[in-house]
Amino acid sequence: MSVVPARFSDAETDHPAIAQWCSTILAGDTARLLLLGPHWSGKSHAAYAALRRLLAAGYREENITVHQAHDLGRSYEPSMIENTTSVTVIDDLTVSVDLVREAKVPLQPDSADVQAMMALAAGALADAVARLSLLPRRSWLLIASNLECLAEAVGQETADRLVAVAEQAELAPRPRPTMPW
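FYI, in this note's numbering the residues of the sequence shown are 136 to 316.
Here it is as structure tokens:
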């Protein structure tokens, strides 16, 4: 299975931060990028466009790992990050925080079992990101809505470390597509 899903098989971007991230990696250096923006701003699209650019330039697919935050939180083991490839992408780091903040109606509390499972997943995700941020010679691209939600999702200390070691690029909001039902 490709690191670029079929729905992003034609992803392209002209964002300068993506071009710089790719150029740095292709030159053999370490690149770290926080890609920020609201839902539907094109963050995932830009990330997969970056991976397509790396692959088109001859970067080997087996040197790239992509995690969806919600899956990583459920199946996480520290070795997944400690032994990761030279390029790691984690998409939707802040999705759990974003969904709560964007809710249009009051949310009903989940059962204690569900809350415990969600807390374990959130802790696992925070640990994964904290470990990744400390690894030398690893390039990464982390996708989040904004720095405030990032701090809530991974902890203030880890968020501060990410900001200190990574470039940041913010994508502007775009109109949401209308879906004919």
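Where is the CB? At the ideal position from N, CA and C, for every residue including glycine.
In the three-state reduction of the DSSP assignment, tryptophan 275 falls in the strand class. Threonine 159 sits in a helix when the DSSP states are folded into three classes. Restricted to the segment 287-311, the alpha helix (DSSP H) segments that are unbroken, complete and at least 4 residues in length are 291-300, listed in chain order. Unbroken alpha helix (DSSP H) runs of no fewer than 4 residues, entirely contained in the segment 161-249, are found at 178-191, 204-210, 213-217, 230-237, following chain order. Annotated three-state conformation of aspartate 262 is helix, per DSSP. As the crow flies, the alpha-carbon of leucine 276 is around 24 Å from that of alanine 254.
The Cβ atoms of aspartate 233 and serine 280 lie closer than 8 Å to each other. Nearest C-alpha to serine 221 among Asp149, Arg195, Ala141, Ile278: Arg195. A straight line joining the alpha-carbon of valine 139 with that of alanine 182 spans about 10 Å. Taking each of Ser179, Ala192, Leu171, Leu170 in turn and checking the Cα distance to alanine 162, the smallest one comes out for Ala192. Here leucine 270 carries a coil assignment [DSSP, helix/strand/coil].
Cβ atoms of alanine 294 and alanine 152 stay farther apart than 8 Å, at about 18 Å. Inter-segment contact for the segment 207-223 and the segment 248-265 is present: three or more beta-carbon pairs are separated by less than 8 Å.
Of the candidates Leu282, Arg272, Val289, Asp206, the residue whose Cα lies closest to the Cα of threonine 219 is Arg272.
Proline 151 sits in a helix when the DSSP states are folded into three classes.
Within 10 angstroms of the beta-carbon of valine 264 lie 16 or more other beta-carbons, which makes it buried.
Apart from the 5 residues on each side of it in sequence, serine 179 sits with its Cβ closer than 8 Å to the Cβ of Phe143, Asp226, Asp227, Ile278 in its chain, given in chain order.
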